[in-house]
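Line by line, the protein sequences give chains A and B. All letters in the first sequence, in the order written, are residues 0 to 662 by numbering that gives the first Met the number 0. All letters in the second sequence, in the order written, are residues 0 to 279 by numbering that gives the first Met the number 0. Quick reminder that beta carbons are idealized off the backbone N, C-alpha and C, glycines included.
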Amino acid sequence: MAGPAKSSRVIVVGGGLAGLAGTVRIAEAGIPVDLFSLVPVKRSHSVCAQGGINACNDVARQQGYSEYEHFDETIYGGDFLADQHPVLEMANWAPRIIDLLDRMGVPFNRTSEGFRDLRLFGGSLFKRTHFAGATTGQQLIYALDEQVRRYEAEGRVTKHEFWEFLWPVIDDASGRCVGIVAQDLRTMQIRAFRADAVVMATGGCGLVFGKSTMSVMCTGAAAARCFQAGVWYGNPEMIQVHPTAIPGADKTRLMSESARGEGGRVWVPRRKGDSRRPRDIPDEDRYYFLEERYPAYKNLVPRDIATREIFSVCVNEGLGVAGGRQVYLDLTHLPSSTHHKLEGILEIYKKFVGDDPQHEPMRIFPSVHYSMGGLYTTFTPGSYAPASPREKHKSGSASPIDNRIGQGMQPGAVNNAMTNVPGLYAFGEANFAYHGANRLGANALLSCIFDGLFCGQSVVSFVQGEAASAPSAGLPQGLFERFVQQEEAKARRLLDTTSAPQDDPATNPYVIHRELGDEMTDACTVVKTESRLQQAWKKVADLKDRYARVRLGDAASWTNQTFSYTRAVGDMLVLAEALTLASIQRKESRGAHYRSDFPDRNDDQFMKTSLCKWDASSRQVKLEFIPIDASLIRPKKRDYTGKDSSAVAGGAAEKRVAVGASA
Amino acid sequence: MTTAAPTAAPTAARAQQPKLGRTVIFRILRSDGPDKPQRWESFKVTINERGANVISCLQQIAANPVTTDGRRTTPVVWDSGCLEEVCGACTMVINGKVRQSCSCLMDEYCPNDGDTITLEPMTKFPVVRDLWVDRARVFHNLKRVKAWVPIDGTYYLGPGPKESPQQQDTRYVLSTCMSCGCCLEACPQFNLETDQQAWDSAFIGAHAISQARLFNMHDTGKSLEKLRLDELSGPGGVSECGNAQNCVKVCPKHIPLTESIAAVGRAVTVHNLKQFFTGR
Ligand code: SF4
Ligand code: SF4
Ligand code: FES
């Protein structure tokens, strides 16, 4: 291999888990990294992840679990929409990733003997989730933040915090991405940065829905800008609505699945309008609807299913607590040692609601949580190639293959996690890979770190190979200037609107965003229908119209937050359009995408990626369906009710779980 | 000075929940930039939702920034992220006391119609604009104590060291520090320093001392213990702590900062004695 050109650099946009893991891996290979982030990287949204990170482990392995079963669960949980080879590779890497994080000093919970403790999570019958209290995401990102700080101190990483990504610089001649344009959010200076590869690790787009469990910077704007620059976007309609969140005035706050993994039970009063206080309602008057409907998985069915059941119990059956949109998540029966393990999230409830979940059941409702869809990425399949796809794995049975790496994806292949634009990569929640139509709990942290470490190697290969022959440092300055001017012109147009009067709500960016959030939450989340989606489609078009006349409330040339926010609202509208269009065209139900007018999965027509492309001339989204890689597991109807032949009986499952239990 | 609100008797508190629809006044200390004069502006906010907090009110103000005297102004600038008190971004001085604004609930702070709440930027860090301050020094000080485990790269090399649940419990708490800077704002020994050159000799602050303890406790992290203690026995090190204990009182993560300071203080003493006798 040629080795990187002397001037080689990589840009990573986004400093959450995926961006930091990628930064560490690329810098370690001797290539300097420029790391861009809207916030100091330690404050990235990954800190909000609570429950844990999945990986096969020694205890579960001796009970019959395997990396292969983790792979199988993820494909099945994702309702057969994910390309299968990448998921296999991720599952095989999982235990190695845990070991690495362990070496970095993550304070994973321990058994009395000093081994890493495990907890149960949704979609699995085995304890395979590693955790650090109930703030696992925070602990993992801190570990990676510390490693990046170490490289920063050594001069291998340069951080650009409070810089906003504006546009990828794509060289017309080669079609390659050779840098970015970004803006300093304090000085408002816009400038270009050169790079031989660019990694987008910019997270999800929860803010499109107004309130979600996501942090305020998760607008999806960075991905939307890449999209408008010609990068394809996959499965935008696949938005995870987490079953258990705490409704709030500014956002919804996640109540981790670990609350149920540690034994929390979901219930409502059996009788409509039962106004007794929860603790005065005896067990026989409580309806533990998830346990009754799914005897094997009970409260730990996959998220899309739990969400729809809670929604249906409240909205269709009218059984919500106090007649409203809320159900109980009850931890009051659990011992204090368990409460201690969940301290981080119980504190959140106490702090924001005022009640103590140790004594009072929490009141929760589903909320937008994660974007399975994202920038479309490619891969080179690994060595595993069965003659025909296998049947679904029988839980606990022998794995057909071992866990060697390179069977799912070819390590270091330049196109792993690369978008359709050469040199432009997408890692973590920003891409569409791994989770299909529904993400299993505790797989997000895994996919982010896996992308960083595994696909980071692909970035290194690209920089050492293709990019080394025509380094970005050798390109004419004019190319970069042109992109800077384009962004400056857009900025000026927006700033010029400040002169107009601001009190018309129709052109107020905050009002436009609020209306967008309400509309998308109503039309595009738990239950979708053709007519409601068509209405949303018109509404989005109407909002786009109004946005074209938007009025800025602040003309400042220093730290103009309103300006940056308003610009992002325009990008959210683009994503909303893609999301609505794909929701309309996917006339089936699959995972998180539930169409009550097409309640069944339709593999013939729709076991396909919905691929969106931006048509720059009409400024509209175009959509097509393209086949997925389903060469490893044959699709099968998803069924978690326990009647399924491949699911183990509840009793057996519990026995396995009990062996793994500790502390 | 108002302090944080009651933690007790949720049922009793709920019996007399503050009324929705009440109007509260936000007094905000603003400035247009680092060297610009500061000014007070007041805004009326109607509390329409249970669970309203300072951030949701600031969002309301941003959508329609008109002061109490009817003047249209610019939206207030502030820093935030997670909105669930886990990222540390939204720290500011509220009613004279430093804390996170996202977890500052209006039902506790302004239960009555006409109540006033005061927001100011932190004072130990340079103001960027309005309520947003530049806390780069908080992160810089983590570099001073080499707050990381020096691993041999990211290739697969097996698991890390085994650890007792007791030690994990101690490390976990220390490791929840979100670099918010509350402990620095409250500390009488930690002062505003705009000259970056002076950061390395100015008082390092409780959070970094506590992080040094965290990494010195880890089996691999220990290998840098000597360098950490060198730094902490030098200028701006642990001996500059006046033991005022303000830090531990304001830490939102309940990190036992004074315990960390004592532990590191003892380690520094031993370290200095060793150096005195061995010359290393
Ligand atoms: S104990 Fe030390 S670090 Fe803490 S507030 Fe007092 S002087 Fe500052
Ligand atoms: S020690 Fe506490 S107060 Fe200080 S920065 Fe960390 S979390 Fe904030
Ligand atoms: S916004 Fe993260 S702590 Fe308040």
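- Any heavy atom of ligand 2 closer than 7 Å to the CB of S6(A)? No, since every heavy atom of ligand 2 falls outside the 7 Å radius drawn around the Cβ of S6(A).
- Does the stretch 38 to 57 of chain A come close enough to the stretch 371 to 385 of chain A to have 3 or more Cβ pairs within less than 8 Å? By the Cβ test, the stretch 38 to 57 of chain A is not in contact with the stretch 371 to 385 of chain A, since fewer than three Cβ pairs between them sit closer than 8 Å.
- Query: Going by DSSP, what residues sit across from R269(A) in a beta bridge?
  - Reply: In the DSSP output, where bridge partners are listed per residue, R269(A) has none listed.
- At a CB-CB cut-off below 7 Å, which residues of chain B make contact with D101(A)? Here the neighbours are P158 and G159.
- Return no unless some Cβ of chain B is closer than 8 Å to the Cβ of C523(A). Taking Cβ atoms only, chain B never reaches closer than 8 Å to C523(A), which makes this a no.
- Query: For C176(A), which beta-bridge partners are listed by DSSP?
  - Reply: In DSSP, C176(A) forms a bridge with I169(A).
- Could you give the residue range of the alpha helix (DSSP H) that holds K349(A)? Segment E342 to V352, the alpha helix (DSSP H) holding K349(A).
- Message: If I follow the unbroken alpha helix (DSSP H) through F35(A), where does it start and stop?
- Response: Taken as a continuous stretch (DSSP letters only), F35(A) belongs to no alpha helix (DSSP H), being part of the beta strand (DSSP E) at V32 to S36.
- Task: May I ask you to list, following chain order, the residues of the stretch 169 to 188 of chain B that have a beta carbon less than 8 Å from some beta carbon of chain A?
- Result: Those would be R170, Y171, S174, T175, M177 and S178, in chain order.
- Query: Does the beta carbon of K350(A) come closer than 8 Å to any beta carbon on chain B?
  - Reply: The beta carbon of K350(A) sits closer than 8 Å to some beta carbon of chain B.
- Message: Here's a check: name, in chain order, each residue in its chain whose Cβ is nearer than 6 Å to the Cβ of D129(B), leaving out the five neighbours to either side.
- Response: Excluding residues within five positions, the ones whose Cβ falls inside 6 Å are R29, V75 and V76.
- Can you pull the chain B residues whose beta carbon is under 8 Å from the beta carbon of F114(A), in chain order? Among the residues of chain B, those whose CB is under 8 Å from the CB of F114(A) are K161, following chain order.
- Query: Where DSSP assigns a beta bridge to M361(A), which residues make up the other side?
  - Reply: Per DSSP, L328(A).
- Message: I'd like to know whether the C-beta of Y108(B) is nearer than 8 Å to at least one C-beta of chain A.
- Response: For Y108(B), the answer is no, since every Cβ of chain A falls outside 8 Å of its Cβ.
- Alpha carbon to alpha carbon, how far is E316(A) from R109(A)? Give it in angstroms, no decimals. Their backbone Cα atoms lie some 43 Å apart in a straight line.
- Does any residue of chain A bring its CB to less than 8 Å from the CB of F138(B)? For F138(B), the closest Cβ of chain A is nearer than 8 Å.
- Any beta strand (DSSP E) of 3 or more consecutive residues that is wholly inside the stretch 26 to 52 of chain B: Runs found: 38 to 46.
- Item | In chain order, each alpha helix (DSSP H) run of at least 4 residues that lies wholly inside the stretch 519 to 583 of chain A | Taking only runs of at least 4 residues, the alpha helix (DSSP H) segments lying wholly in the stretch 519 to 583 of chain A are 529 to 547.
- Check the Cβ of M216(A) against every Cβ in chain B and list those closer than 7 Å, keeping chain order. Correct list: G80.
- Query: Over what stretch of residues does the alpha helix (DSSP H) that includes W92(A) continue unbroken?
  - Reply: Note, W92(A): alpha helix (DSSP H), Q83 to R102.
- Buried or exposed: where does L19(B) fall if 16 or more other Cβ atoms within 10 Å of its Cβ makes it buried? Per the 10 Å Cβ criterion, exposed.
- Task: Please list, in chain order, all residues of the same chain as A142(A) whose beta carbon is under 8 Å from its beta carbon, the five residues on each side excluded.
- Result: L100, M103, G104 and V105, listed in sequence order.
- Message: Between I24(B), P17(B), V249(B) and G241(B), which has its C-alpha nearest I116(B)'s C-alpha?
- Response: Of the listed residues, the one whose Cα sits closest to I116(B) is I24(B).
- For L191(B) and F124(B), the rounded distance between their alpha carbons: Answer to the nearest angstrom: the Cα atoms are 6 Å apart.
- Task: Assign A670(A) to one of three DSSP states: helix, strand, or coil.
- Result: This structure gives no information on residue 670(A), because the portion of chain A shown stretches from 0 to 662.
- Mind checking V38(A): buried by the 16 CB within 10 Å criterion, or exposed? Looking at its Cβ environment, which holds 16 or more other Cβ atoms inside 10 Å, V38(A) is buried.
- How would you call A555(A), buried or exposed, if buried means at least 16 neighbouring beta carbons within 10 angstroms? Buried, because 16 or more other Cβ atoms sit within 10 Å of the Cβ of A555(A).
- Message: Using CA atoms only, rank isn't needed, just tell me which of S111(A), K158(A) and G113(A) is closest to I10(A).
- Response: Of the listed residues, the one whose Cα sits closest to I10(A) is K158(A).
- Message: Need the endpoints of the beta strand (DSSP E) that H434(A) sits in, please.
- Response: In the DSSP assignment, H434(A) falls outside any beta strand (DSSP E), carrying neither H nor E.
- Item | Counted within 10 angstroms of its Cβ, other Cβ atoms place W39(B) as buried (16 or more) or exposed | By the 10 Å Cβ count, W39(B) comes out exposed.
- Query: According to DSSP, what are the bridge partners of M408(A)?
  - Reply: Within the DSSP bridge table, the entry for M408(A) names P380(A) as partners.
- Message: Taking 7 Å as the cut-off, is the C-beta of Q196(B) nearer than that to any heavy atom in ligand 1?
- Response: Not one heavy atom of ligand 1 lies closer than 7 Å to the C-beta of Q196(B).
- Where M417(A) sits in the DSSP three-state scheme: In this structure, M417(A) counts as strand in the three-state DSSP scheme.
- Output the boundary residues of the beta strand (DSSP E) element that contains Y424(A). If you look at Y424(A), you'll find it in the beta strand (DSSP E) that goes L423 to A425.
- Query: Taking 7 Å as the line, does the beta carbon of T257(B) fall inside it for any heavy atom of ligand 1?
  - Reply: Because some heavy atom of ligand 1 lies under 7 Å away, the Cβ of T257(B) counts as near it: yes.
- Length-filtered (4 minimum) alpha helix (DSSP H) runs lying within the stretch 70 to 109 of chain B: The stretch 70 to 109 of chain B contains these whole alpha helix (DSSP H) runs: 105 to 108.
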